[in-house]
Amino acid sequence: MQYWLMKSEPSVFGIDHLAKCVNQTEPWDGVRNYQSRNMMRDEMKPGDQVFFYHSNCDVPGIVGQMEVKSQGYPDFTAFDPGHRYFDPKSDLDKPRWFLVDVKLKRKFKRTIPLSLLREQAVLKDMKLLQRGNRLSITPVTKGEWAFILTLAS
DNA sequence: GCCAACGTTGGC
DNA sequence: GCCAACGTTGGC
5 MQYWLMKSEP
15 SVFGIDHLAK
25 CVNQTEPWDG
35 VRNYQSRNMM
45 RDEMKPGDQV
55 FFYHSNCDVP
65 GIVGQMEVKS
75 QGYPDFTAFD
85 PGHRYFDPKS
95 DLDKPRWFLV
105 DVKLKRKFKR
115 TIPLSLLREQ
125 AVLKDMKLLQ
135 RGNRLSITPV
145 TKGEWAFILT
155 LAS
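Numbering (the working numbering), first residue to last: 5 to 157.
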């Protein structure tokens, strides 16, 4: 079992959106970056644990926990010309983009702010915190996961 | 294959 | 809104 962090802009799809989805489960669509795609297509497995991160907002940070509920499969939004995530270069025969289903497990009482994460010496190697990191999906180590949970209570 | 130009991300 | 950092595109 592996640990991950997935970013989303709360004005587009935040943790409260996921909470209202049927069975609190939803396909994580719209990722259009090859490294992140590869992680969803090749590495993420059902049962993997995920931090939900809010980016591009007043207080960027980790807002809850999710669980991966599917293998990677093609991102169907790329096939729909009317969809905002449409990509004419992806087709059914050779899909370019992939996603996984995620289920909300827990919304934290308070956001764990990015600024607080940056203050933690033990998190200095965390992928999220590396200079220039823009990946919307990053792996989290078991130690990082456990430590961050202690910040969530 | 190089690399300039351009687009996007995302914190501040 | 600014801008640093990075990814992608496409001419050559």
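Note that beta-carbon positions come from the ideal geometry of N, C-alpha and C, so glycine has one too.
Report the three-state DSSP secondary structure of HIS21 (helix, strand or coil). For this step, residue 21 is matched to residue 17 along the first sequence. Residue state, collapsed to three classes: helix.
* Are ILE19 and ILE152 touching if we call contact CB-CB under 8 Å? -> As a working note, residue 19 is residue 15 in the first sequence. As a working note, residue 152 is residue 148 in the first sequence. Cβ atoms of ILE19 and ILE152: not closer than 8 Å.
#### Entry: Terminal residues of the beta strand (DSSP E) in which TRP149 lies
As a working mapping, residue 149 is identified with position 145 in the first sequence. Note, TRP149: premise wrong, no beta strand (DSSP E); alpha helix (DSSP H) at 146-155.
*Where does GLU13 land, buried or exposed, given buried means 16+ other C-beta within 10 angstroms?*
The sequence position of residue 13 within the first sequence is 9, counting from 1. It counts as exposed.
| field | Chain-order list of residues whose beta-carbon lies under 8 Å from that of MET10 (same chain, five-residue window excluded) | value | Along the first sequence, one-based indexing puts residue 10 at 6. TRP32, VAL54, PHE55, PHE56, TYR57, MET70, VAL106, SER140, ILE141.
Check your understanding: Taking just the CA atoms, how far does PRO85 sit from ARG116?
Key -> As a working note, residue 116 is residue 112 in the first sequence. As a working note, residue 85 is residue 81 in the first sequence. The sequence as given places Ile at residue 116; Arg does not occur at that position. C-alpha separation (whole angstroms): 37 Å.
#### Entry: Beta-carbon separation (whole angstroms), ARG45 vs GLY76, contact threshold 8 Å
Translated into the one-based positions of the first sequence, residue 45 becomes position 41. Translated into the one-based positions of the first sequence, residue 76 becomes position 72. Yes, they are in contact, since the Cβ atoms of ARG45 and GLY76 sit about 4 Å apart, within 8 Å.
**Prompt:** Given a threshold of 16 other Cβ atoms within 10 Å of its Cβ, counted over all protein chains shown, does LEU108 qualify as buried or as exposed?
**Reply:** Within the first sequence, the letter at position 104 stands for residue 108. Flag for LEU108 reads buried.
### Task
For ARG41, I'd like the list of residues in its chain whose CB is within less than 7 Å of its CB, leaving aside the five on either flank, ordered along the chain.
One-based indexing of the first sequence puts residue 41 at position 37. Here the set comprises VAL35, TRP101, PHE102.
### Message
With a threshold of 8 Å on Cβ separation, who are the neighbours of PRO122 within its own chain once the five nearest residues in sequence on each side are excluded?
### Response
To locate residue 122, count along the first sequence from 1; it is residue 118. Note on residue identity: the sequence assigns Arg, not Pro, to residue 122. The residues are LEU133.
Could you give the residue range of the beta strand (DSSP E) that holds SER12?
As a working mapping, residue 12 is identified with position 8 in the first sequence. Start and end: 7-12.
| query | Since ARG122 is in the alpha helix (DSSP H), which residue starts that stretch and which ends it? | reply | On the first sequence, residue 122 is found 118 positions in, with the first residue counted as 1. That run of the alpha helix (DSSP H) goes 118-122.
GLN39, enclosing alpha helix (DSSP H) - first and last residue: On the first sequence, position 35 is the one that residue 39 refers to. Start and end: 38-42.
| Taking the Cβ atom as the reference point for each residue, do TYR7 and THR145 lie within a distance shorter than 8 Å? | Locating residue 7 in the first sequence gives position 3, where the first residue counts as 1. Locating residue 145 in the first sequence gives position 141, where the first residue counts as 1. A contact, by the Cβ cut-off of 8 Å.
Cα-Cα separation between LEU22 and GLU47, rounded to whole angstroms
Taking the first sequence and counting its residues from 1, the one referred to as residue 22 is at position 18. Taking the first sequence and counting its residues from 1, the one referred to as residue 47 is at position 43. LEU22 and GLU47: Cα-Cα distance of roughly 22 Å.
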